[in-house]
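Report on one structure; see the data block that follows.
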Amino acid sequence: MKTLVVAALVALGAVSVTTTAAPQREFVEARGSVKSVPLPPGGPTPRMADGHPDFSGVWFDGPTGMANAWSVDAERGPAEDPIPFQPWAAEKRKAMTRVELELSSANVNCTPVGTPGMFTDNAYAHQIVMKPGMFVHLIENNNRYNVVYIDGRPHTPKEELEPLFYGDQTAKWEGDTLVIDSISIDTRAQIRDGWMHSEELHVIERLRRPSMNYLEYQVTIEDPKVLTKPWTSAWETLSLSAKNERLSENFCTNNENVEQLRSLYEQQKGQK
């Protein structure tokens with residue numbers, strides 16, 4: 000966690016670049032050394048004992064497997080429709096500084112990234128483990144995880160709901176597409192890029208596996224207090240690890256650099 004925040008502070012000009020010059024140089028050299036090539040389909044979709052698609056595996060964003068993370072032309076996903084923010088929300092988001100964005104992040108605050116941030120606000124590797132009736136999603140960043148049951152259970156009665164980072168979730172199959180429906184999501188859960196949301200956030204996620212090497216993800220976001228209408232993302236591609244990689248241990252700890260970020264934020268406020 001400390002490394003992540005130091006890198007953020009360097010980018011924000013809060014600490015000297017010389018302290019992290021070597022790691023930055025190594026990252027740039029590694030990133031520029033790989034030409035990304037999309038993986039082949041890799042064969043038919045694997046299936047579980049109940050006949051539904053099995054999404055199990057280690058996955059990387061983009062169509063090229065692990066190489067996408069280090070590519071000189073990394074795939075960043077398809078173009079999407081503009082997010083229909085209400086005017087007040089658009090203005091607030093536009094006014095946020097890089098320091099404010101960092102201070103609101105799950106990484107800095109050591110909180111779960113939540114729904115839908117496990118997919119939409121995560122640049123690390125994913126691991127999915129499935130069996131009939133259960134979907135388990137893990138990400139390398141801070142060893143976060145979420146368990147979703149696909150057993151027909153309904154949402155918790157409204158009077159018993161409480162805010163949760165991953166929300167109150169139900170899931171079902173629509174053909175070969177897994178549909179996960181989430182409500183009662185904690186307002187600290189992440190979407191991406193400073194996208195704030197209200198307690199009325201409703202998230203519908205869809206996953207499908209068209210072939211062995213590919214997983215596809217789409218999300219619909221409804222929030223009548225922040226958006227003028229529901230917004231649906233384009234289908235995003237994830238690709239299977241070709242070397243059976245394992246997720247590395249990566250955990251969040253309290254760190255003194257949060258205070259540096261807060262100090263920088265106060266300085267910026269005073270300059271306005």
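Reminder that position 53 of the sequence shown reads as 52 in numbering that gives the first Met the number 0, one-by-one numbering, no gaps. By construction, the Cβ of each residue, glycine as well, lies at the ideal position given by its N, Cα and C atoms. As the structure is a prediction and not an experimental result, all values here were calculated from the model.
### Query
So what's GLN126 in DSSP terms, helix, strand or just coil?
Translated into positions along the sequence shown, residue 126 becomes position 127. GLN126: strand per DSSP, three-state reduction.
### Task
Could you pull the start and end residues of the beta strand (DSSP E) that THR169 belongs to?
Position 170 of the sequence shown, counted from the start, is the residue given in the question as residue 169. THR169 -> beta strand (DSSP E) spans 167-173.
### Query
Three-state secondary structure (DSSP) at GLU25?
Looking up residue 25 in the sequence shown gives position 26. Reliability fails at GLU25, whose pLDDT of 36 lies under 50, so the model's placement of it is uncertain and no value is given.
### Message
Using a 10 Å radius around the Cβ and a threshold of 16 neighbouring Cβ atoms, would you call SER262 buried or exposed?
### Response
Looking up residue 262 in the sequence shown gives position 263. So SER262 ends up on the exposed side.
### Query
Buried or exposed: where does GLY159 fall if 16 or more other Cβ atoms within 10 Å of its Cβ makes it buried?
Looking up residue 159 in the sequence shown gives position 160. It should be noted that the sequence gives Glu, not Gly, for residue 159. That one is exposed.
### Task
Consult DSSP for VAL112 and reduce its assignment to one of helix, strand or coil.
Counting from 1 along the sequence shown, the entry for residue 112 is found at position 113. Secondary structure of VAL112 (DSSP, three-state): coil.
### Query
Leaving out five residues before and five after ARG46 in sequence, what residues of the same chain have Cβ atoms less than 7 angstroms from its Cβ?
Residue mapping note: residue 46 aligns to position 47 of the sequence shown, counting from 1. So the qualifying residues of the chain are PRO52 and ASP53.
### Task
Starting from GLU204, follow the beta strand (DSSP E) in both directions and report where the run begins and ends.
Mapped onto the sequence shown, residue 204 falls at position 205. 201-210 is the span of the beta strand (DSSP E), which, as asked, contains GLU204.
### Task
Tell me, please, which residues DSSP counts as bridged to GLN221.
Taking the first residue of the sequence shown as position 1, residue 221 is located at position 222. One detail in the question is off: residue 221 reads as Glu in this sequence, not Gln. Paired residues: HIS201.
### When SER210, ASP192 and MET211 are compared against MET89, the one with the closest alpha-carbon
Start at 1 with the first residue of the sequence shown, and residue 89 comes out as number 90. The sequence given here has Ala at residue 89, not Met. Nearest C-alpha to ALA89: ASP192.
### Query
What's the C-alpha gap between LYS93 and TRP172?
Position 94 of the sequence shown holds residue 93. Position 173 of the sequence shown holds residue 172. The alpha-carbon atoms of LYS93 and TRP172 are separated by roughly 38 angstroms.
### Query
With DSSP run on the structure shown, which of helix, strand or coil describes PRO83?
Numbered from 1 along the sequence shown, position 84 holds the residue referred to as residue 83. It is coil, neither helix nor strand.
#### Entry: Three-pair Cβ contact test at 8 angstroms for the segment 242-251 versus the segment 95-102
Contact check between the segment 242-251 and the segment 95-102: fewer than three CB pairs, one atom from each, fall below 8 angstroms, which does not count as touching.
### Message
Suppose the cutoff is 6 angstroms on Cβ atoms and the five residues either side in sequence are ignored; what does the same chain contact list for SER181 look like?
### Response
Mapped onto the sequence shown, residue 181 falls at position 182. When the five nearest sequence neighbours on each side are left out, the beta carbons in the same chain lying within less than 6 angstroms of the beta carbon of SER181 are those of THR114, GLY166, GLN168 and VAL202, in order along the chain.
### Query
For SER183, which three-state DSSP category applies?
Taking the first residue of the sequence shown as position 1, residue 183 is located at position 184. DSSP places SER183 in coil when its eight states are reduced to three.
### Query
Can GLN217 and GLY116 be called in contact, C-beta distance under 7 angstroms?
As a first step, residue 217 is located in the sequence shown; it is residue number 218 there, counting from the start. As a first step, residue 116 is located in the sequence shown; it is residue number 117 there, counting from the start. The answer is no: Cβ separation not under 7 angstroms.
### Query
Just reading off the alpha helix (DSSP H) that GLU99 is part of, what are its end residues?
Within the sequence shown, the letter at position 100 stands for residue 99. 97-102 is the span of the alpha helix (DSSP H), which, as asked, contains GLU99.
### Task
Please name the residue in THR227, THR252 and SER232 whose C-alpha comes closest to that of PRO86.
Translated into positions along the sequence shown, residue 86 becomes position 87. Of the candidates THR227, THR252 and SER232, the one whose C-alpha sits nearest the C-alpha of PRO86 is THR227.
### Task
Whole angstroms is fine: what's the gap from GLY42's alpha carbon to THR176's?
Position 43 of the sequence shown, counting from 1, holds the residue named residue 42. Position 177 of the sequence shown, counting from 1, holds the residue named residue 176. Those two C-alpha atoms are separated by around 18 angstroms.
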